[in-house]
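Take 1 as the starting number for the sequence shown in the UniProt record's numbering and just add one per residue. C-beta: ideal position from N, C-alpha, C; glycine also. These numbers come from a predicted model, not from an experiment. What follows is one structure encoded as C-alpha coordinates, with my remarks underneath.
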Amino acid sequence: MKGEIAEAYADLVKQAWSGHHRAIVPRMFKTKVGHFASQFLGYHQHDAQELLSFLLDGLHEDLNRVKRKDYVELRDAAGRPDEEVAEEAWRNHKRRNDSIIVDIFHGLFKSTLVCPACCKVSVTFDPFCYLSVPLPVSHERTMEVFFVYMDPCRKPQQHRLVVPKAGKVLDLCIALAKHTGVPAEQMMVADVFSHRFYKLYQADEALSCILERDDIFSLSSPAQPSPAQLYIAIDWDSDMKKRYYDEEEAEGYVKHECMGHAQRGQPVKLRECVELFTTVETLEEENPWYCPTCKRHQLATKKLDLWALPEVLIIHLKRFSYTRLAREKLDTLVEFPIRDLDFSDFIIKPWADMAPVPHKYDLIAVSNHYGSLRDGHYTTFARNKDSGQWFYFDDSSVSPVAEHQIESKAAYVLFYHRQDRIRRPTTACTPNPRPPDAGGGPRGDSMEVD
1 MKGEIAEAYA DLVKQAWSGH HRAIVPRMFK TKVGHFASQF LGYHQHDAQE LLSFLLDGLH
61 EDLNRVKRKD YVELRDAAGR PDEEVAEEAW RNHKRRNDSI IVDIFHGLFK STLVCPACCK
121 VSVTFDPFCY LSVPLPVSHE RTMEVFFVYM DPCRKPQQHR LVVPKAGKVL DLCIALAKHT
181 GVPAEQMMVA DVFSHRFYKL YQADEALSCI LERDDIFSLS SPAQPSPAQL YIAIDWDSDM
241 KKRYYDEEEA EGYVKHECMG HAQRGQPVKL RECVELFTTV ETLEEENPWY CPTCKRHQLA
301 TKKLDLWALP EVLIIHLKRF SYTRLAREKL DTLVEFPIRD LDFSDFIIKP WADMAPVPHK
361 YDLIAVSNHY GSLRDGHYTT FARNKDSGQW FYFDDSSVSP VAEHQIESKA AYVLFYHRQD
421 RIRRPTTACT PNPRPPDAGG GPRGDSMEVD
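In C-alpha coordinates, the structure reads:
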(Lines of atoms letter the chains of each structure in order from A and count residues from 1; the text may use other names and numbers.)
(Lines give C-alpha, C1' and ligand atoms only; values in the text may rest on other atoms or scores of the structure.)
Protein backbone atom coordinates (compact mmCIF):
# COMPACT_ATOMS: atom_id res chain seq x y z
CA MET A 1 0.00 0.00 0.00
CA LYS A 2 3.14 2.13 -0.09
CA GLY A 3 2.36 3.94 3.13
CA GLU A 4 -0.88 5.49 1.86
CA ILE A 5 -3.13 3.95 4.52
CA ALA A 6 -0.70 4.97 7.28
CA GLU A 7 -0.52 8.54 5.97
CA ALA A 8 -4.30 8.83 5.63
CA TYR A 9 -4.79 7.47 9.15
CA ALA A 10 -2.11 9.83 10.53
CA ASP A 11 -3.89 12.81 8.96
CA LEU A 12 -7.16 11.67 10.55
CA VAL A 13 -5.56 11.38 13.99
CA LYS A 14 -3.97 14.82 13.62
CA GLN A 15 -7.36 16.34 12.80
CA ALA A 16 -9.01 14.60 15.74
CA TRP A 17 -6.44 15.90 18.24
CA SER A 18 -5.87 19.36 16.72
CA GLY A 19 -8.57 20.99 18.83
CA HIS A 20 -9.86 22.85 15.76
CA HIS A 21 -12.90 20.68 15.03
CA ARG A 22 -16.11 19.87 16.86
CA ALA A 23 -16.68 16.96 14.48
CA ILE A 24 -14.76 15.36 11.62
CA VAL A 25 -16.03 13.82 8.39
CA PRO A 26 -13.24 11.35 7.44
CA ARG A 27 -14.02 11.54 3.73
CA MET A 28 -10.43 11.32 2.50
CA PHE A 29 -9.65 8.43 4.83
CA LYS A 30 -12.71 6.50 3.63
CA THR A 31 -11.77 7.15 0.00
CA LYS A 32 -8.29 5.79 0.62
CA VAL A 33 -9.65 2.69 2.36
CA GLY A 34 -12.06 2.08 -0.53
CA HIS A 35 -9.18 2.42 -2.99
CA PHE A 36 -7.40 -0.59 -1.45
CA ALA A 37 -10.50 -2.52 -0.34
CA SER A 38 -13.30 -2.22 -2.88
CA GLN A 39 -15.86 -3.71 -0.49
CA PHE A 40 -15.78 -0.40 1.41
CA LEU A 41 -16.54 1.74 -1.65
CA GLY A 42 -19.83 3.61 -1.86
CA TYR A 43 -22.30 4.23 0.92
CA HIS A 44 -23.50 0.74 1.75
CA GLN A 45 -23.40 -0.38 5.36
CA HIS A 46 -20.40 -2.45 6.44
CA ASP A 47 -19.20 -4.37 9.45
CA ALA A 48 -17.07 -2.36 11.89
CA GLN A 49 -14.99 -5.37 12.86
CA GLU A 50 -14.17 -6.07 9.21
CA LEU A 51 -13.08 -2.45 8.75
CA LEU A 52 -10.96 -2.65 11.91
CA SER A 53 -9.32 -5.86 10.66
CA PHE A 54 -8.49 -4.28 7.31
CA LEU A 55 -7.17 -1.11 8.95
CA LEU A 56 -4.83 -2.98 11.31
CA ASP A 57 -3.57 -5.15 8.44
CA GLY A 58 -3.09 -2.09 6.26
CA LEU A 59 -1.23 -0.15 8.94
CA HIS A 60 0.94 -3.19 9.59
CA GLU A 61 1.88 -3.54 5.93
CA ASP A 62 2.67 0.17 5.64
CA LEU A 63 4.73 0.19 8.84
CA ASN A 64 6.38 -3.20 8.46
CA ARG A 65 10.08 -2.95 9.27
CA VAL A 66 10.73 -6.02 7.12
CA LYS A 67 11.28 -4.81 3.56
CA ARG A 68 12.22 -8.16 2.06
CA LYS A 69 10.13 -11.12 3.13
CA ASP A 70 12.08 -14.35 3.03
CA TYR A 71 10.38 -17.67 2.41
CA VAL A 72 9.73 -19.45 5.70
CA GLU A 73 9.15 -23.19 5.70
CA LEU A 74 6.56 -24.31 8.24
CA ARG A 75 7.63 -27.37 10.19
CA ASP A 76 5.34 -29.81 11.93
CA ALA A 77 5.63 -30.05 15.70
CA ALA A 78 6.59 -33.74 15.36
CA GLY A 79 6.41 -34.32 19.09
CA ARG A 80 8.66 -31.41 20.03
CA PRO A 81 7.93 -29.44 23.23
CA ASP A 82 5.29 -26.75 22.84
CA GLU A 83 7.71 -24.07 24.05
CA GLU A 84 10.13 -24.87 21.24
CA VAL A 85 7.45 -24.98 18.54
CA ALA A 86 5.80 -21.77 19.78
CA GLU A 87 9.09 -19.87 19.88
CA GLU A 88 9.92 -21.07 16.38
CA ALA A 89 6.48 -20.01 15.08
CA TRP A 90 6.74 -16.55 16.62
CA ARG A 91 10.30 -16.12 15.33
CA ASN A 92 9.19 -17.07 11.82
CA HIS A 93 6.25 -14.67 12.07
CA LYS A 94 8.57 -11.83 13.09
CA ARG A 95 10.94 -12.59 10.20
CA ARG A 96 8.19 -11.47 7.83
CA ASN A 97 6.05 -9.26 10.08
CA ASP A 98 7.69 -6.70 12.34
CA SER A 99 5.71 -3.53 13.01
CA ILE A 100 4.23 -1.55 15.86
CA ILE A 101 0.92 -3.30 15.09
CA VAL A 102 2.56 -6.67 15.74
CA ASP A 103 4.20 -5.33 18.91
CA ILE A 104 0.92 -4.13 20.39
CA PHE A 105 -1.93 -6.20 18.92
CA HIS A 106 -0.59 -9.65 17.99
CA GLY A 107 -0.86 -12.73 20.19
CA LEU A 108 -0.33 -16.45 19.63
CA PHE A 109 -2.76 -19.38 19.36
CA LYS A 110 -2.09 -23.05 19.81
CA SER A 111 -4.15 -25.14 17.39
CA THR A 112 -4.51 -28.90 17.94
CA LEU A 113 -6.05 -31.18 15.31
CA VAL A 114 -6.70 -34.88 15.93
CA CYS A 115 -7.56 -37.33 13.16
CA PRO A 116 -10.57 -39.51 14.10
CA ALA A 117 -9.26 -42.43 12.01
CA CYS A 118 -5.58 -42.79 12.92
CA CYS A 119 -5.38 -40.42 15.94
CA LYS A 120 -2.65 -38.38 14.25
CA VAL A 121 -2.11 -35.17 16.26
CA SER A 122 -1.10 -31.96 14.50
CA VAL A 123 -0.01 -28.99 16.61
CA THR A 124 0.59 -25.55 15.13
CA PHE A 125 1.04 -22.07 16.61
CA ASP A 126 -0.51 -19.16 14.73
CA PRO A 127 -0.51 -15.41 15.38
CA PHE A 128 -3.76 -13.50 15.85
CA CYS A 129 -4.76 -9.84 15.95
CA TYR A 130 -8.12 -10.23 17.70
CA LEU A 131 -10.24 -12.91 19.34
CA SER A 132 -13.56 -13.71 17.66
CA VAL A 133 -15.47 -15.43 20.44
CA PRO A 134 -18.83 -17.16 19.89
CA LEU A 135 -21.96 -16.46 21.90
CA PRO A 136 -24.09 -19.32 23.23
CA VAL A 137 -26.77 -19.94 20.61
CA SER A 138 -30.29 -20.83 21.70
CA HIS A 139 -32.05 -23.70 19.93
CA GLU A 140 -35.37 -21.87 20.25
CA ARG A 141 -36.81 -18.74 18.70
CA THR A 142 -39.67 -16.42 19.56
CA MET A 143 -42.35 -15.77 16.96
CA GLU A 144 -45.34 -13.43 16.97
CA VAL A 145 -48.47 -14.73 15.23
CA PHE A 146 -51.98 -13.35 14.69
CA PHE A 147 -54.66 -16.01 15.14
CA VAL A 148 -57.95 -15.52 13.25
CA TYR A 149 -60.98 -17.42 14.59
CA MET A 150 -63.71 -18.91 12.45
CA ASP A 151 -66.22 -16.73 14.27
CA PRO A 152 -66.23 -13.37 12.39
CA CYS A 153 -67.41 -11.60 15.54
CA ARG A 154 -64.15 -12.40 17.33
CA LYS A 155 -61.19 -10.15 16.69
CA PRO A 156 -57.83 -11.62 15.66
CA GLN A 157 -55.58 -12.40 18.61
CA GLN A 158 -51.84 -11.73 18.78
CA HIS A 159 -49.64 -14.42 20.36
CA ARG A 160 -45.95 -14.66 21.23
CA LEU A 161 -44.73 -18.25 20.92
CA VAL A 162 -41.48 -20.06 21.67
CA VAL A 163 -40.73 -22.69 19.03
CA PRO A 164 -37.67 -24.78 18.05
CA LYS A 165 -35.42 -23.14 15.46
CA ALA A 166 -35.14 -26.45 13.62
CA GLY A 167 -38.89 -27.04 13.86
CA LYS A 168 -41.65 -27.24 11.29
CA VAL A 169 -44.75 -25.11 10.74
CA LEU A 170 -46.66 -27.86 12.53
CA ASP A 171 -44.66 -27.06 15.70
CA LEU A 172 -45.91 -23.49 15.45
CA CYS A 173 -49.50 -24.73 15.19
CA ILE A 174 -49.05 -27.06 18.18
CA ALA A 175 -47.72 -24.21 20.31
CA LEU A 176 -50.59 -21.98 19.20
CA ALA A 177 -53.14 -24.72 19.95
CA LYS A 178 -52.11 -24.63 23.62
CA HIS A 179 -53.15 -20.96 23.77
CA THR A 180 -56.31 -21.07 21.67
CA GLY A 181 -57.76 -24.52 22.26
CA VAL A 182 -58.13 -24.97 18.50
CA PRO A 183 -56.57 -28.26 17.28
CA ALA A 184 -53.34 -27.81 15.32
CA GLU A 185 -54.70 -29.81 12.38
CA GLN A 186 -57.51 -27.25 11.99
CA MET A 187 -55.09 -24.35 11.41
CA MET A 188 -53.72 -22.75 8.28
CA VAL A 189 -50.59 -20.58 8.44
CA ALA A 190 -50.11 -17.73 5.98
CA ASP A 191 -47.79 -14.82 5.31
CA VAL A 192 -49.91 -11.69 4.80
CA PHE A 193 -48.55 -8.78 2.78
CA SER A 194 -50.51 -5.60 1.93
CA HIS A 195 -53.72 -7.15 3.32
CA ARG A 196 -53.41 -10.13 0.98
CA PHE A 197 -52.28 -13.71 1.38
CA TYR A 198 -48.72 -13.75 0.10
CA LYS A 199 -47.99 -17.40 0.86
CA LEU A 200 -49.66 -20.40 2.49
CA TYR A 201 -47.28 -22.63 4.44
CA GLN A 202 -47.49 -26.41 4.53
CA ALA A 203 -47.33 -28.16 7.90
CA ASP A 204 -44.05 -29.90 7.04
CA GLU A 205 -42.23 -26.73 5.90
CA ALA A 206 -39.26 -25.59 7.98
CA LEU A 207 -39.80 -22.62 10.29
CA SER A 208 -36.50 -21.20 9.06
CA CYS A 209 -38.30 -20.08 5.88
CA ILE A 210 -40.33 -17.62 7.99
CA LEU A 211 -38.35 -14.43 8.55
CA GLU A 212 -38.53 -12.13 11.56
CA ARG A 213 -40.09 -9.33 9.51
CA ASP A 214 -42.89 -11.48 8.05
CA ASP A 215 -46.48 -10.87 9.22
CA ILE A 216 -47.69 -14.37 10.06
CA PHE A 217 -51.38 -15.20 10.45
CA SER A 218 -52.88 -18.51 11.53
CA LEU A 219 -56.48 -19.13 10.57
CA SER A 220 -58.77 -21.71 12.06
CA SER A 221 -60.53 -23.89 9.52
CA PRO A 222 -63.60 -26.12 10.00
CA ALA A 223 -63.06 -29.76 10.83
CA GLN A 224 -65.50 -30.69 8.05
CA PRO A 225 -66.03 -28.85 4.77
CA SER A 226 -68.94 -26.43 5.05
CA PRO A 227 -71.57 -25.73 2.38
CA ALA A 228 -70.67 -23.15 -0.22
CA GLN A 229 -71.83 -19.61 0.55
CA LEU A 230 -72.69 -17.00 -2.04
CA TYR A 231 -71.17 -13.51 -1.73
CA ILE A 232 -71.75 -10.44 -3.89
CA ALA A 233 -68.88 -8.02 -4.55
CA ILE A 234 -69.80 -4.45 -5.48
CA ASP A 235 -67.83 -1.30 -6.14
CA TRP A 236 -68.45 1.69 -3.91
CA ASP A 237 -67.06 5.18 -3.74
CA SER A 238 -64.83 6.42 -0.94
CA ASP A 239 -67.63 8.39 0.78
CA MET A 240 -69.82 5.30 1.08
CA LYS A 241 -66.85 3.32 2.38
CA LYS A 242 -66.20 5.87 5.11
CA ARG A 243 -69.89 5.85 6.08
CA TYR A 244 -70.39 2.10 6.39
CA TYR A 245 -66.88 0.66 6.84
CA ASP A 246 -64.71 1.35 9.89
CA GLU A 247 -61.20 0.56 8.67
CA GLU A 248 -59.64 0.97 12.10
CA GLU A 249 -62.18 -1.38 13.65
CA ALA A 250 -61.68 -3.91 10.84
CA GLU A 251 -57.93 -4.00 11.44
CA GLY A 252 -58.25 -4.16 15.22
CA TYR A 253 -56.96 -7.09 17.24
CA VAL A 254 -56.53 -8.11 20.85
CA LYS A 255 -53.36 -9.20 22.58
CA HIS A 256 -53.23 -12.56 24.28
CA GLU A 257 -51.90 -12.50 27.84
CA CYS A 258 -48.68 -14.15 26.63
CA MET A 259 -47.79 -10.85 24.91
CA GLY A 260 -47.28 -9.34 28.34
CA HIS A 261 -44.51 -11.79 29.15
CA ALA A 262 -41.45 -10.76 27.19
CA GLN A 263 -39.05 -13.59 26.47
CA ARG A 264 -35.82 -12.37 28.00
CA GLY A 265 -32.68 -14.29 27.28
CA GLN A 266 -30.34 -15.04 30.14
CA PRO A 267 -27.17 -12.92 30.16
CA VAL A 268 -23.84 -14.65 29.70
CA LYS A 269 -20.44 -13.73 31.02
CA LEU A 270 -17.52 -12.91 28.74
CA ARG A 271 -15.66 -15.78 30.36
CA GLU A 272 -18.29 -18.23 29.04
CA CYS A 273 -17.72 -16.96 25.50
CA VAL A 274 -13.96 -17.47 25.83
CA GLU A 275 -14.59 -20.98 27.17
CA LEU A 276 -16.71 -21.71 24.09
CA PHE A 277 -13.86 -20.41 21.94
CA THR A 278 -11.44 -22.92 23.51
CA THR A 279 -13.87 -25.87 23.39
CA VAL A 280 -13.09 -28.91 21.24
CA GLU A 281 -15.13 -28.92 18.03
CA THR A 282 -15.48 -31.24 15.05
CA LEU A 283 -14.73 -29.76 11.64
CA GLU A 284 -17.66 -29.41 9.27
CA GLU A 285 -17.95 -31.39 6.06
CA GLU A 286 -17.30 -28.23 4.02
CA ASN A 287 -13.97 -27.70 5.79
CA PRO A 288 -12.22 -31.05 6.37
CA TRP A 289 -8.55 -31.48 7.33
CA TYR A 290 -6.11 -33.41 5.18
CA CYS A 291 -4.43 -36.01 7.38
CA PRO A 292 -0.81 -36.59 6.27
CA THR A 293 -0.89 -40.09 7.74
CA CYS A 294 -4.20 -41.31 6.29
CA LYS A 295 -3.64 -39.35 3.07
CA ARG A 296 -7.32 -38.41 3.19
CA HIS A 297 -9.50 -35.50 4.19
CA GLN A 298 -10.93 -36.13 7.65
CA LEU A 299 -13.49 -34.45 9.92
CA ALA A 300 -10.89 -33.94 12.62
CA THR A 301 -11.47 -32.50 16.06
CA LYS A 302 -9.99 -29.05 16.59
CA LYS A 303 -9.08 -27.16 19.74
CA LEU A 304 -7.78 -23.62 20.05
CA ASP A 305 -5.84 -22.49 23.11
CA LEU A 306 -4.29 -19.16 24.05
CA TRP A 307 -0.51 -19.27 24.29
CA ALA A 308 0.45 -15.58 24.55
CA LEU A 309 -1.68 -12.43 24.67
CA PRO A 310 -0.89 -8.97 23.27
CA GLU A 311 -0.65 -5.66 25.06
CA VAL A 312 -3.97 -4.49 23.60
CA LEU A 313 -6.49 -7.31 23.40
CA ILE A 314 -9.38 -6.92 20.94
CA ILE A 315 -12.36 -9.21 21.57
CA HIS A 316 -14.95 -9.52 18.81
CA LEU A 317 -18.32 -10.84 20.01
CA LYS A 318 -19.75 -12.94 17.16
CA ARG A 319 -23.30 -11.58 17.28
CA PHE A 320 -24.08 -12.41 13.66
CA SER A 321 -24.95 -16.09 13.42
CA TYR A 322 -25.08 -17.88 10.07
CA THR A 323 -26.22 -21.50 10.08
CA ARG A 324 -28.06 -23.83 7.74
CA LEU A 325 -31.23 -23.19 9.70
CA ALA A 326 -31.19 -19.46 10.22
CA ARG A 327 -29.33 -16.18 9.89
CA GLU A 328 -29.79 -13.90 12.85
CA LYS A 329 -28.26 -11.30 15.09
CA LEU A 330 -27.86 -12.45 18.68
CA ASP A 331 -28.93 -9.76 21.16
CA THR A 332 -27.66 -11.69 24.17
CA LEU A 333 -26.39 -9.48 26.97
CA VAL A 334 -22.71 -10.27 27.51
CA GLU A 335 -21.47 -9.20 30.93
CA PHE A 336 -17.87 -8.01 30.69
CA PRO A 337 -15.67 -6.44 33.38
CA ILE A 338 -14.53 -2.83 33.18
CA ARG A 339 -11.44 -3.66 35.22
CA ASP A 340 -9.39 -6.73 36.10
CA LEU A 341 -10.29 -9.00 33.20
CA ASP A 342 -8.08 -11.95 34.11
CA PHE A 343 -7.00 -14.37 31.38
CA SER A 344 -4.58 -16.34 33.56
CA ASP A 345 -6.79 -19.44 33.53
CA PHE A 346 -6.87 -19.52 29.73
CA ILE A 347 -3.13 -19.15 29.06
CA ILE A 348 -1.53 -22.58 28.66
CA LYS A 349 2.06 -21.34 28.26
CA PRO A 350 4.12 -22.74 31.18
CA TRP A 351 6.26 -20.39 33.25
CA ALA A 352 8.97 -22.57 34.73
CA ASP A 353 12.10 -20.51 35.31
CA MET A 354 10.82 -17.03 34.51
CA ALA A 355 8.48 -14.49 36.03
CA PRO A 356 5.01 -14.85 34.50
CA VAL A 357 3.64 -12.07 32.33
CA PRO A 358 0.55 -10.48 33.92
CA HIS A 359 -2.69 -11.28 32.13
CA LYS A 360 -5.02 -8.73 33.71
CA TYR A 361 -6.68 -6.18 31.47
CA ASP A 362 -8.77 -3.02 31.82
CA LEU A 363 -11.42 -1.97 29.32
CA ILE A 364 -10.59 1.12 27.26
CA ALA A 365 -13.27 1.14 24.51
CA VAL A 366 -16.40 -0.61 23.21
CA SER A 367 -17.84 -0.57 19.69
CA ASN A 368 -21.65 -0.98 19.75
CA HIS A 369 -23.97 -2.18 16.99
CA TYR A 370 -27.68 -1.35 17.09
CA GLY A 371 -29.96 -2.90 14.51
CA SER A 372 -30.34 -6.15 12.59
CA LEU A 373 -28.46 -8.29 10.08
CA ARG A 374 -29.34 -6.00 7.20
CA ASP A 375 -28.85 -2.56 8.66
CA GLY A 376 -27.84 -0.84 11.84
CA HIS A 377 -26.01 1.96 13.57
CA TYR A 378 -22.63 2.05 15.29
CA THR A 379 -21.67 3.99 18.40
CA THR A 380 -18.65 3.88 20.69
CA PHE A 381 -17.75 4.12 24.35
CA ALA A 382 -14.16 5.20 25.00
CA ARG A 383 -12.16 6.09 28.10
CA ASN A 384 -10.01 9.20 28.25
CA LYS A 385 -6.53 8.00 29.19
CA ASP A 386 -5.67 11.17 31.11
CA SER A 387 -8.80 11.70 33.21
CA GLY A 388 -10.24 8.18 33.22
CA GLN A 389 -13.64 9.62 32.22
CA TRP A 390 -15.79 7.55 29.84
CA PHE A 391 -17.46 9.18 26.82
CA TYR A 392 -20.19 8.10 24.42
CA PHE A 393 -19.61 8.80 20.71
CA ASP A 394 -22.70 8.82 18.46
CA ASP A 395 -21.91 10.35 15.06
CA SER A 396 -21.07 14.00 15.81
CA SER A 397 -22.44 13.86 19.36
CA VAL A 398 -20.11 13.20 22.31
CA SER A 399 -21.26 13.03 25.91
CA PRO A 400 -19.79 11.82 29.22
CA VAL A 401 -21.24 8.59 30.63
CA ALA A 402 -21.01 6.62 33.84
CA GLU A 403 -19.32 3.21 33.89
CA HIS A 404 -22.57 1.37 34.62
CA GLN A 405 -23.97 2.57 31.26
CA ILE A 406 -21.26 0.87 29.20
CA GLU A 407 -22.52 -2.71 29.36
CA SER A 408 -25.39 -3.35 26.93
CA LYS A 409 -26.79 -5.85 24.43
CA ALA A 410 -25.28 -3.72 21.66
CA ALA A 411 -21.64 -4.36 22.66
CA TYR A 412 -19.88 -5.77 19.60
CA VAL A 413 -16.10 -5.22 19.83
CA LEU A 414 -14.28 -4.85 23.16
CA PHE A 415 -10.86 -3.24 23.54
CA TYR A 416 -8.77 -4.16 26.59
CA HIS A 417 -5.36 -2.82 27.65
CA ARG A 418 -3.00 -4.90 29.76
CA GLN A 419 -2.68 -3.34 33.20
CA ASP A 420 1.11 -3.32 33.35
CA ARG A 421 1.19 -1.15 30.21
CA ILE A 422 -1.54 1.33 31.11
CA ARG A 423 -0.56 4.90 31.82
CA ARG A 424 -2.72 5.77 34.78
CA PRO A 425 -4.69 9.05 34.83
CA THR A 426 -2.71 12.14 35.93
CA THR A 427 0.50 10.11 35.98
CA ALA A 428 3.41 11.08 33.78
CA CYS A 429 4.51 8.58 31.16
CA THR A 430 7.61 6.69 32.23
CA PRO A 431 9.51 3.89 30.55
CA ASN A 432 8.41 0.41 31.50
CA PRO A 433 11.21 -1.15 33.59
CA ARG A 434 9.82 -4.66 33.15
CA PRO A 435 11.56 -6.80 30.50
CA PRO A 436 9.44 -7.87 27.53
CA ASP A 437 7.75 -11.25 27.43
CA ALA A 438 10.48 -13.87 27.52
CA GLY A 439 10.41 -16.90 25.31
CA GLY A 440 9.87 -15.11 22.00
CA GLY A 441 6.19 -14.26 22.64
CA PRO A 442 4.32 -11.11 21.65
CA ARG A 443 5.56 -7.93 23.26
CA GLY A 444 4.72 -4.29 23.29
CA ASP A 445 7.46 -1.75 23.85
CA SER A 446 6.92 1.08 21.40
CA MET A 447 4.02 3.28 22.43
CA GLU A 448 1.31 3.86 24.99
CA VAL A 449 -2.17 3.08 23.66
CA ASP A 450 -5.41 3.90 25.42
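Within-8 Å CB hit, residue i to chain C
i      : result
Lys303 : Of the chains in the structure shown, none is chain C; there is only one protein chain.
8 Å contact criterion, which residue i and residue j should meet: CB distance rounded
i      : j      : result
Gln202 : Val169 : 7 Å
Leu309 : Gly79  : At roughly 26 Å, the Cβ-Cβ gap does not stay under 8 Å, so Leu309 and Gly79 are not in contact.
Arg319 : His369 : 7 Å
Leu146 : Tyr322 : The sequence shown places Phe at residue 146, rather than the Leu named in the question. Contact flag wrong, Cβ pair sits at about 29 Å.
Leu306 : Leu363 : With a Cβ gap of about 18 Å, Leu306 and Leu363 do not count as contacting.
Gln158 : Met259 : 6 Å
Lys255 : Ser111 : Actually they do not touch by this definition, with Cβ atoms about 51 Å apart.
Leu299 : Glu286 : Rounded, the Cβ-Cβ distance is 10 Å, inconsistent with contact.
Phe277 : Pro134 : 6 Å
Phe109 : Leu317 : That pair is no contact at about 18 Å.
Proximity test, residue i beta-carbon vs the ligand NAD heavy atom, cut-off 7 Å
i      : result
Lys269 : Absence of the ligand NAD is noted for the structure shown, with no ligands found whatsoever.
Rounded C-alpha distance that separates residue i from residue j
i           : j      : result
Val192      : Lys409 : 31 Å
Thr332      : Leu341 : 20 Å
residue 456 : Ser396 : Outside the shown range of the chain (1 to 450) lies residue 456, about which nothing can therefore be said.
His379      : Val66  : The residue asked about is misnamed: residue 379 is Thr in this sequence, not His. One C-alpha to the other measures close to 36 Å.
Phe36       : Asp47  : 17 Å
Glu140      : Glu212 : 13 Å
Ser399      : Asp386 : 17 Å
Lys94       : Lys120 : 29 Å
Pro136      : Glu272 : 8 Å
residue 462 : Leu270 : This structure cannot speak to residue 462, because the chain is shown only from 1 to 450.
Val274      : Val33  : 31 Å
Lys360      : Phe40  : 35 Å
Leu113      : Thr279 : 12 Å
Pro116      : Thr282 : 10 Å
His60       : Met143 : 46 Å
Lys178      : Lys329 : 29 Å
Ser226      : Ile210 : 30 Å
residue 454 : Gln419 : For residue 454 there is no data in the structure shown, the boundaries of the chain being 1 and 450.
Leu12       : Leu56  : 15 Å
Tyr392      : Asn384 : 11 Å
Ala6        : Asn64  : 11 Å
Glu88       : Pro350 : 16 Å
Gln45       : Asp375 : 7 Å
Glu4        : Ile314 : 24 Å
Thr132      : Gly181 : This sequence places Ser at residue 132; Thr is not what is there. Computed Cα separation, rounded: 46 Å.
Lys2        : Ala8   : 12 Å
Tyr412      : Pro337 : 14 Å
Ile104      : Lys30  : 24 Å
Asp204      : Pro26  : 51 Å
Tyr43       : Pro164 : 37 Å
Arg96       : Cys118 : 35 Å
Tyr245      : Gln405 : 49 Å
Ala77       : Asp62  : 32 Å
Ala402      : Pro267 : 21 Å
For residue i: DSSP bridge partner residues
i      : result
Asn368 : Thr379 and Ala411
Val192 : Phe197
Thr124 : Ser111
Leu373 : Leu373 pairs with nothing; no bridge assigned.
Phe146 : Gln158 and Phe217
Ile347 : Leu306
Ala206 : Lys168
Tyr130 : Beta-bridge pairing links Tyr130 to no other residue.
Lys255 : Gln158
Arg22  : None; Arg22 has no bridge partner.
Lys32  : Answer by DSSP bridge pairing: none, since Lys32 is not bridged.
Ser399 : Tyr392
Met187 : Ser220
Val163 : Arg141
Asp362 : His417
Leu341 : Tyr361
Glu335 : Lys269
So, does the region 63-71 touch the region 9-23, judging by three or more C-beta pairs under 8 Å? no
Taking 8 Å as the threshold, find out whether the region 165-184 comes into contact with the region 230-247 through three or more Cβ pairs. no
For the structure I just gave you, are there three or more beta carbon pairs, one from the region 288-302 and one from the region 357-368, closer than 8 Å? no
Which runs of the alpha helix (DSSP H) at least 4 residues long sit entirely within the region 263-331? Give them in chain order. Runs of the alpha helix (DSSP H) inside the region 263-331: 270-277.
4-residue-minimum alpha helix (DSSP H) runs that sit fully inside the region 54-97, ordered along the chain: 82-96
How about the region 181-190 and the region 215-224: do they share at least three Cβ pairs that are nearer than 8 Å? These segments touch.
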